[in-house]
Amino acid sequence: MNFENIIERRIVDGDEHRLVLEISVDDYKKDYDRYDDDIAGNIVLEHLQKRGDDGRPSDAKIHHDEGDSILRITANVHYLGNDHTGYMFR
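Remember, this note's numbering sits 6 above the position in the sequence shown when you count from 1.
Pasting the structure below:
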């Protein structure tokens with residue numbers, strides 16, 4: 007997947023951090039043949055690693071409506087109380 011083409015938005019509300027990744031469906035389909043939350047979690051992990059971000063993601067969800075050219079992945083990202091995150095892809 008070309009991580010250079012991902013648009014990232016962050017929402018911070020107090021101690022809660024939410025991540026929204028927007029990806030073109032065409033880019034996504036070059037690597038994946040289904041829309042799946044496990045795949046979404048792996049994309050979030052790799053995206054954070056490429057940014058050098060040691061947040062720990064949880065609750066990754068993929069959102070795609072048939073006919074849309076963009077899909078969204080949302081996740082919570084946890085920072086407080088973290089040791090440095092070690093990355094391991096599934």
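Using N, Cα and C, we set each Cβ at its ideal position, and we do this for glycine too. Computed from a predicted model, the values in this text were never measured in an experiment.
query	result
Can you check which of these residues, Ile-45, Arg-62, His-23 and Asp-19, is closest to Leu-77 by C-alpha distance?	Ile-45
As a quick exercise: from Asn-48, Gln-55, Val-26 and Ile-12, pick the residue whose alpha carbon is nearest that of His-69.	Val-26
Do Val-26 and the ligand ZN come close, with the Cβ less than 8 Å from some heavy atom?	Although the ligand ZN was asked about, the structure shown includes no ligands whatsoever.
In the DSSP assignment, what are the bridge partners of Asn-82?	Arg-24 and Ser-64
May I ask you to list the residues that DSSP assigns as paired with Val-18?	His-23
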